[in-house]
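What follows is a set of notes on a single structure, which appears directly below.
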Amino acid sequence: MRPSSGGRPPVDQSQTSVPDHQDEERELDESHRDYTEDAQITDRQKKEMHERRERVVQHLKEGGLQIEDDHIFGSVMQGTMTGPLDQDSDVDVMIVLDADEHREWAESENGPRNALKAVKRRLEKKYPNQEVNVDRNVVAVKFSDFTVEVAPAFRYSDVRDPEHPSDPVTLGGMEFPARPIDADDPEKDGYVIPDTYGETKWTGTNPRKFQSMYNAVNRNHGGDLQRVAVAAKKVNEQNGNHISSYHAVMMAYKYFEKDAPPNASTQQHMNNFFRNLPRYLDEETREPVYQERLDKGLDEEERRKAIKMAYQKSSKIEEAERLQKEGKYEKAKEKYEEVYGNEFN
């Protein structure tokens with residue numbers, strides 16, 4: 003029997019409403035952005051770090067060191083310094099010494115060690131109430147709120163027989179040079195600092211070159227390299243500090259150079275990075291200027307612990323994504339909090 007014309011009209015399927023989760027998706031992405039921004043130090047703290055670094059360099063000049071130039075590098079310049087600040091937070095300063103005035107350090111066998119000792123003596127005299135020590139290839143001055151680390155340096159071309167910082171790649175049991183084809187010649191614009199462990203040789207570095215590369219990648223991805231690097235550092239700090247902060251930042255850089263999809267959101271990049279993190283920790287990590295291996299000094303037990311932690315975080319990320327796809331946004335948010343800690347909200 004045909005329905006009367008006065009009955010209910012047929013439903014137009016094209017007008018059927020579909021749940022719109024754009025607001026929830028946007029809120030989750032903003033939560034990821036807020037987490038990385040809140041984890042960083044304040045502008046006032048950045049200003050204090052810069053000013054104290056300037057005072058330390060000025061004290062070294064007044065103490066008789068002939069300094070051509072100085073550069074602040076590392077977390078402060080990359081925007082990846084995380085709070086709260088304490089003595090384990092450090093601002094990295096490279097002082098470029100005049101090779102004519104300090105020729106004995108540039109050319110003698112124990113030049114790096116003697117340069118570190120000279121910097122240490124001057125800073126001990128200026129800061130008698132602070133702990134001042136040589137920490138591998140820098141002199142560290144520990145203040146109550148953060149540490150200033152000073153690396154004595156020369157221009158690469160001013161030093162006799164400097165070590166090229168690149169490490170060989172082992173393939174099929176054979177070692178091959180690992181210098182990138184388009185790498186700059188270190189003699190043109192590179193520097194040398196004391197080698198990390200022996201303090202007896204000068205080894206090449208170029209923090210300004212890396213900073214320009216870092217800035218370009220970060221700019222191309224709308225600032226998400228910085229955000230992912232902050233998240234990588236913060237998770238590492240909250241879970242045992244098994245790797246160095248620099249290693250964590252370099253793995254974030256590696257992700258954006260090799261694995262980051264185009265036009266992804268901040269949340270998608272953070273999820274993708276932590277899914278890849280177990281693999282990154284298991285393989286070599288190299289800085290991009292000279293291809294120096296950053297994980298070669300990593301204790302294997304620490305590597306194992308870091309990989310175990312990364313698998314746990316990766317599993318939670320996958321669970322959060324599943325909940326998100328099912329529209330269970332509050333539960334997904336709780337799972338992300340298990341990844342990033344109580345600061346995530």
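The sequence shown begins at 3 in the working numbering and counts up one residue at a time.
Each residue gets a CB set at the ideal place from its N, CA and C atoms; glycine is no exception.
How would you write the range of the alpha helix (DSSP H) that residue i sits in, first residue to last?
i            : result
aspartate 88 : No alpha helix (DSSP H) contains aspartate 88, which DSSP labels as neither H nor E.
tyrosine 292 : That residue, tyrosine 292, is in no alpha helix (DSSP H); it is neither H nor E in DSSP.
serine 316   : 302-327
glycine 113  : 113-128
lysine 330   : Segment: none, lysine 330 is in no alpha helix (DSSP H) and carries neither H nor E.
alanine 101  : Careful: alanine 101 lies outside any alpha helix (DSSP H) and carries neither H nor E.
threonine 38 : 24-41
Could you give the first and the last residue of the continuous beta strand (DSSP E) run that contains residue i?
i            : result
histidine 73 : 69-75
What does DSSP give as the partner residue(s) for residue i in the beta ladder?
i                 : result
asparagine 135    : Ala142
threonine 205     : Glu165, Ile195
phenylalanine 212 : In the DSSP output, where bridge partners are listed per residue, phenylalanine 212 has none listed.
phenylalanine 156 : Val194
methionine 96     : His73, Ala153
glutamine 47      : Answer is none; glutamine 47 lacks a bridge partner.
Would you call the CB atoms of residue i and residue j closer than 8 Å?
i                 : j              : result
threonine 287     : methionine 253 : yes
lysine 307        : glycine 242    : yes
alanine 262       : tyrosine 342   : no
phenylalanine 156 : leucine 99     : yes
tryptophan 204    : valine 161     : yes
methionine 272    : histidine 34   : yes
valine 237        : threonine 82   : no
glutamine 68      : histidine 104  : yes
leucine 30        : lysine 335     : yes
methionine 79     : glutamine 213  : yes
glutamate 345     : tyrosine 37    : yes
valine 152        : valine 291     : no
leucine 296       : tyrosine 255   : no
glycine 85        : alanine 117    : no
valine 244        : glutamate 285  : According to the sequence provided, residue 244 is histidine. The question's valine does not apply to it. Result no, Cβ atoms of histidine 244 and glutamate 285 do not sit closer than 8 Å.
Note down the Cα distance separating residue i from residue j, rounded to an integer number of angstroms.
i             : j                 : result
glutamine 124 : valine 230        : Checking the sequence, you will find arginine at residue 124 rather than glutamine. Taking the straight line joining both Cα atoms gives about 38 Å.
alanine 185   : phenylalanine 276 : In this prediction, alanine 185 has a pLDDT of 47, which is less than 50 and means its spatial position is unreliable; nothing more can be read from the coordinates.
lysine 337    : lysine 315        : 10 Å
threonine 202 : valine 93         : 24 Å
glutamate 177 : glutamate 294     : Confidence is the limiting factor: at glutamate 177 the pLDDT is only 44, short of 50, which leaves the residue's position unreliable, though a coordinate-based value still follows. Rounded to the nearest angstrom, the two C-alpha atoms are 14 Å apart.
lysine 63     : isoleucine 97     : 10 Å
glutamate 56  : alanine 108       : 24 Å
glycine 175   : glutamate 340     : With a pLDDT of 44 at glycine 175, under the threshold of 50, the modelled position of that residue is not reliable, and the figure given next carries that caveat. Going by the C-alpha atoms only, they are around 42 Å apart.
histidine 223 : serine 110        : 45 Å
valine 134    : arginine 28       : 48 Å
aspartate 226 : glycine 113       : 41 Å
valine 141    : valine 219        : 31 Å
arginine 115  : glutamate 165     : 15 Å
alanine 180   : arginine 281      : At alanine 180 the pLDDT is 45, less than 50, meaning the model places this residue with poor confidence; the figure from the coordinates comes in the next sentence. Using only the alpha carbons, I get a separation of about 20 Å.
arginine 46   : glutamate 53      : 11 Å
histidine 73  : lysine 235        : 23 Å
valine 150    : tyrosine 158      : 24 Å
lysine 119    : aspartate 102     : 19 Å
lysine 327    : glutamate 26      : 11 Å
glutamate 126 : glutamine 132     : 8 Å
lysine 298    : proline 264       : 31 Å
glutamate 1   : asparagine 274    : Since the displayed the chain opens at 3 and closes at 347, residue 1 lies outside it and no answer follows.
glycine 206   : proline 196       : 9 Å
Would you say residue i faces chain C, with C-beta separation under 8 Å as the test?
i             : result
threonine 205 : Among the chains of the structure shown, chain C does not appear; only one protein chain is present.
Next item on the list: Entirely within the segment 203-289 and at least 4 residues each: give me those alpha helix (DSSP H) ranges in chain order.
Entry: 209-222, 226-240, 247-260, 268-284
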